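Structure first, commentary second.
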Amino acid sequence: MRSLRLVSVDPSDRGSQRLRLGPGLMSALGLRLGSPLLVPVPGGSCLCTAWPRSDLTEDFLQMDLKCFSPGLMSQVPSQLILDPSQLRPVPCPKLKAVSVTVLVQSPDFRRTSARVVHELVKELLKGVSVHQGFVVNLEDYETQIRYVVLDHLSPDSGGSGLITSKTSVEVSKVQTVRLYKSQLQDQQTPPLGGLEEVRTSLRDMLQLPLLYPNTLRSLGVSCPRGVLLIGPPGVGKTLLVQKVVQEVGAVLVVVRGPAIVGSRPGESEETLRAVFERAQSAAEEGPCVLFLDELDSLFPRRSGSSAPETRLVAQLLTLMDGMDRSDRFLIVGATNRADSLDPALRRPGRFDREVIIGAPTLQQRRSILSVLCQKMPVGPGLDLAELSQITAGYVGADLSALCREAAMNAVRENVKGSGHQQVDLKHFLEALKSVRPSCLRSSLGRTEIFPLLWEQIGGLEEVKLKLRQSIEWPLRHPEAFVRLGLSRPRGVLLYGPPGCAKTTLVRAAATSAGCAFLSISGAELYSPYVGDSEKALAQLFAQARACAPCILFLDEIDSLIGSRSNTQSPNGVQTRLLSVLLNEMDGIGLKTLERRGTEKILQAGGGEELHKQDELDLQEVCNKDVMVVAATNRPECLDSALLRPGRVDHIIYVPPPDLQARRSVLQVRTSSMPVDADVCLMELAAQTELYSGADLENLCKEAALLALLEENMEASSIKRSHFLRCLSKMSPSLSAQQIKAYLTPPR
Amino acid sequence: MSTPAVSCLREALRRSFVTLEKQRSVWRSVLAECSPLMDSLGNLAEQMSALSRVQLSDTPLRVFPELRERLRFKLLQAADSVLENMSCKMTGLQAVRDAISNQVSAILQLYEQNSDALDLLAVTERSATVPSVADMLEWLQDAERFYRQQFLQRKALLQTLRLDDLPLLESAPRRWKSLESPSSDQRIRDTLCKLSFFMESQ
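Residue numbers (our numbering), protein chains in the order written: chain A, 42 to 788; chain B, 7 to 208.
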């Protein structure tokens, strides 16, 4: 038999429960006029009565949805191709009794007109073929009764039956359509990763008053009514509320900012009152959550002027105070700028509890990723722990964008022709390049560093080792650090004469550490407004902490920050910046708004085998801070408070290159140049006493230019004579006296 | 090809359509009697709300004792009698609906009894003057559904009215009018026109 195309229903058939099909198919299936049929469609099935099409054509189906399974309530099938063998005739004997749940449109009707419901429902259902557990759509009657759910049929013969005028109808429950739909959605959403603690506390708050109303009453306490969710954008505040509401089976009343604000004076307040009334009437049926998203935009801090927002804030305050203990609904607000809220909102009795959701920690990222990757065909080589380590600073929204991008990469590759469809680590790594963490999106000092390996820096072996100790080791071997009770250094200062590869060393360190890297210069920090620079620096630290582990690089720190002792103006910008820096590096604690996850304190397991899970824990404990790396060539200008241990733990002297170092610098520099065989690098190194790394680089360049000058652009190699002649013209940039000054340690 | 079963069914259908035509005119006449009643109900509601608004002590009428309560009682009594009248009319409408419903269920029963003798070809066979049995059954069902829906909507409207909810009462005549569905009524008239040859052929 040919497949059938489902087209939309004829208007005159609406409410008739007819399934229009060709007469040929009807006789093939052995159907009479009005025989009941069960039609399976994606998402459910529906019960119809067969009827020939008036144009008598085959190949098309027109179905009036009157009685269908609950899953089809929200999504109506259309434009389907059905196989004729799927249509199943069912016997529909006359029913003796049915028990039903009635779904009405408005809660008002539910309250006032309960007495007429029974009579109406009996009339409405007459002549309808029904199926156990299905929903009957009565919208075409345009009464307040919208749907009827068939809870139980008797006699129960195969689940279907016909309601006649002799069938007795029992109304077991009257609900609003909205509540039924929200309960229906319960089972369909994916779990939420990484927000278990917050979710549990929110759930308790919703469920406790419902489960144990008497206990609370006997204790004489009122349950909390307001929760304020605070967190950076993209951590899943809105999703969390929706999820919890679905789990508890509560009704969600959402307030969207623009929908409330009206143009006329007083209109916004009126809308807000209407929203509260809606929540109140919904709360009479069951638990209800009133969700105010983006609270800060609607209810900002009241200022002196009579802005319309002031009145709106006042209205919200009165409404929240006016709530009775009997009002069983919870107000949840969400914001990412808690500071700009009106302080009157944040007292007990209004928003009782404040829940802070920070940027996800390592563990949380891992669980978010595992939720996200559940539905994707992930390759066997993908290690989620590793992936969560390299996604420092990514919030939930970023991670889902990352997964999407990775999947897109995999699809693109698949289109090119390599057979299997699997998302591997390489797809994720590629996606990481295009999806950047949103914590850092508007941050100062985000820099793209050109990768540089340790081997590309000649000499300075001791300095390199020290840097690796303080930057790389805590990331690579957290278990060893915890075992010995070590903590990661807060700050590292590199000092030494100019041109001796301090900045280059930091570049190499950032490359090898593989964590977020922020570099800041005076251009970004200084501003003509008083207090602006300090705020920018504090914000920079906050952002860096949000995506810890993170390296913050302050180049030329002497000019950026300065010292308190030897400046002319004691209240200059530099002094104020210094105080901010001191506080941020080793202050009294963090701001409450920056809390992330729960505090974990771990004891080292003595020598026993550590599992992967523990290792992640260690990683998290060990690397939750920002490391400041500073570089200067005038260490004596720095403030002594900055240089004490606890702030700058390691002070590393980067010396001018010695003989061996100079040779290796020259080797690194000339490796890409065609150097004649008679050039002896050792000899050159011996002759370049007091030359810095930058000087040596310059020497190589000059020699090459000289070669070009002499041989008219046709030089194929650089000879020893070129080097020597350049050397005779140059003088070292360092002096012995200068170097001697560096040798006295700054601390 | 006209088997005895088909001709029997056609005869029954013809009778049903004649009944439908008759009942339709009854329905319309009852409905026409209803609308002045609804208007007067709306009027009474308006009077009641006016009464609740007015400050009788500021008017010369303050000399009459308990005027407000008396007036209110009068109005309520009048509204009651209107509603009683309406329920009489509703029984008239219900009679129409029941007559049509009975016709339809009887004819469907007849079809069920004869369904073994009626294959789909016979049911869907039509000519210029005689529509097919399936079509006619469908039209009858549609008409029955229309009257059932109309009756239910009007009944629901009357049942949700309460004498203490004045705004609802005031809007009742307007909502009563809005329930009229001229397009569906037109469709039934068209159907009857289409069937006029069939109904006249004896």
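Where a beta carbon is used, it is the ideal one built from N, C-alpha and C, also for glycine. This one's a predicted model, so the numbers in the text were calculated from it and none came from an experiment.
Which partner residues does residue i have in the DSSP bridge list?
i              : result
T673 (chain A) : A:Y536
V210 (chain A) : A:V139
Q46 (chain A)  : As written in the sequence, residue 46 (chain A) is Arg, which differs from the Gln given in the question. Per DSSP, A:F101 and A:I122.
T90 (chain A)  : A:R59 and A:P77
M67 (chain A)  : In DSSP, M67 (chain A) forms no bridge with anything.
T217 (chain A) : A:V145
R129 (chain A) : A:L79
Y188 (chain A) : A:L144 and A:N178
For residue i, which residues of its own chain have a beta-carbon under 8 Å away from its beta-carbon, when the five flanking residues on both sides are left out?
i              : result
N91 (chain B)  : L43
I498 (chain A) : K505, A542, T545, L546, A549 and V709
D362 (chain A) : G390 and R391
R43 (chain A)  : E99, D100 and P125
L161 (chain A) : T184 and I186
R132 (chain B) : S138 and D141
M413 (chain A) : The sequence given here has Leu at residue 413 (chain A), not Met. Only G234, L440, S441 and C444 meet the Cβ criterion.
G422 (chain A) : D465 and L466
K200 (chain B) : P137
G98 (chain B)  : V32 and V36
In chain order, what residues of the same chain lie with their CB nearer than 7 Å to the CB of residue i, ignoring the 5 residues before and after it?
i              : result
M626 (chain A) : R531, G532, V669 and R688
What does the Cβ neighbour count give for residue i, buried or exposed, with the cut at 16 atoms within 10 Å?
i              : result
S681 (chain A) : exposed
N753 (chain A) : exposed
C94 (chain B)  : exposed
D148 (chain B) : buried
R61 (chain A)  : buried
E650 (chain A) : Confidence in E650 (chain A) is poor, its pLDDT being 39 and thus under 50, which makes the residue's placement unreliable; the coordinate value appears in the next sentence. So E650 (chain A) counts as exposed.
E640 (chain A) : In this prediction, E640 (chain A) has a pLDDT of 47, which is less than 50 and means its spatial position is unreliable; nothing more can be read from the coordinates.
D439 (chain A) : buried
A69 (chain A)  : exposed
D599 (chain A) : buried
I642 (chain A) : Confidence at I642 (chain A) is low in this model, with a pLDDT of 42, below 50, so the placement of that residue is unreliable and no value is reported for it.
K161 (chain B) : buried
L71 (chain A)  : Reading off the sequence, residue 71 (chain A) comes out as Gly, not Leu. G71 (chain A) comes out exposed.
V60 (chain B)  : exposed
D736 (chain A) : buried
I512 (chain A) : buried
V286 (chain A) : buried
I409 (chain A) : buried
Y570 (chain A) : exposed
Leaving out the 5 sequence neighbours to the left and right, which residues in its chain are closer than 6 Å to residue i when beta-carbon positions are compared?
i              : result
Y435 (chain A) : P478
L124 (chain B) : A11
Q238 (chain B) : Because residue 238 (chain B) is not part of the residues shown, which for chain B are 7 to 208, the question remains open.
G647 (chain A) : Bear in mind that a pLDDT of 37 at G647 (chain A), under 50, signals an unreliable position, so the number given afterwards is only what the model happens to contain. So no residue of the chain qualifies.
L19 (chain B)  : M142
T23 (chain A)  : Coverage of chain A is limited to positions 42 through 788, which leaves residue 23 (chain A) absent and any answer about it impossible.
Q356 (chain A) : E310 and L313
K507 (chain A) : I693
Cβ of residue i less than 7 Å from any chain D Cβ?
i              : result
S121 (chain B) : Structure shown: chain D not included; protein chains present are A and B.
Exercise for review: Return the chain-ordered ranges of every beta strand (DSSP E) run that is complete within the region 352-384 of chain A and spans a minimum of 3 residues.
Suggested key: 370-376
**Study point:** Contact the region 132-149 of chain B vs the region 100-118 of chain B: 3+ CB pairs below 8 Å
**Key:** yes
Practice item. Specify whether the region 725-733 of chain A and the region 689-696 of chain A touch according to this definition: at least 3 beta carbon pairs, one from each stretch, less than 8 Å apart. Key: no
Review point. Taking the runs of the alpha helix (DSSP H) that are 4 residues or longer, which of them lie wholly in the region 273-323 of chain A?
Key: Runs found: 278-289 and 298-301.
Point to revise | Inside the region 76-140 of chain B only - alpha helix (DSSP H) runs reaching at least 4 residues | key: 126-129
Exercise for review: State whether the region 695-710 of chain A contacts the region 730-742 of chain A, with contact taken as three or more CB pairs (one from each stretch) at a distance under 8 Å.
Suggested key: yes
Review point. Below 8 Å, can you find three or more Cβ-Cβ pairs linking the region 198-211 of chain A to the region 162-178 of chain B?
Key: The region 198-211 of chain A, when compared against the region 162-178 of chain B, does not touch it at the 8 Å Cβ threshold.
Review point. Is it true that the region 399-412 of chain A meets the region 251-263 of chain A, where meeting means three or more beta-carbon pairs spaced less than 8 Å apart?
Key: no
Point to revise | Completely contained alpha helix (DSSP H) runs for the region 693-752 of chain A, where each covers 4 or more residues | key: 700-711, 722-728 and 734-751
Check your understanding: Can we say the region 165-176 of chain B touches the region 74-84 of chain A, given the rule of at least three CB pairs closer than 8 Å?
Key -> no
Practice item. Would you list, in sequence order, the uninterrupted beta strand (DSSP E) runs of no fewer than 3 residues that lie entirely inside the region 381-426 of chain A? Key: Counting whole runs of 3 or more residues, the region 381-426 of chain A contains the beta strand (DSSP E) stretches 394-397.
Practice item. For the region 761-773 of chain A and the region 573-585 of chain A, state whether three or more C-beta atom pairs, one from each stretch, are separated by less than 8 Å. Key: no
Review point. Counting only runs that start and end within the region 134-208 of chain B, where is the alpha helix (DSSP H) found for 4 or more residues in a row?
Key: List check, alpha helix (DSSP H) in window: 139-166, 172-184, 188-200 and 202-206.
**Study point:** Cβ pair count under 8 Å reaching 3, the region 378-397 of chain A against the region 293-303 of chain A
**Key:** no
Review point. Which residue spans inside the region 550-629 of chain A form an unbroken alpha helix (DSSP H) run of at least 4?
Key: 563-566, 573-587, 598-601 and 614-627
Point to revise | Any 3 or more C-beta pairs closer than 8 Å across the region 279-286 of chain A and the region 327-336 of chain A | key: yes
Review point. Would you call the region 204-219 of chain A and the region 156-170 of chain A touching, i.e. three or more CB-CB distances under 8 Å?
Key: yes
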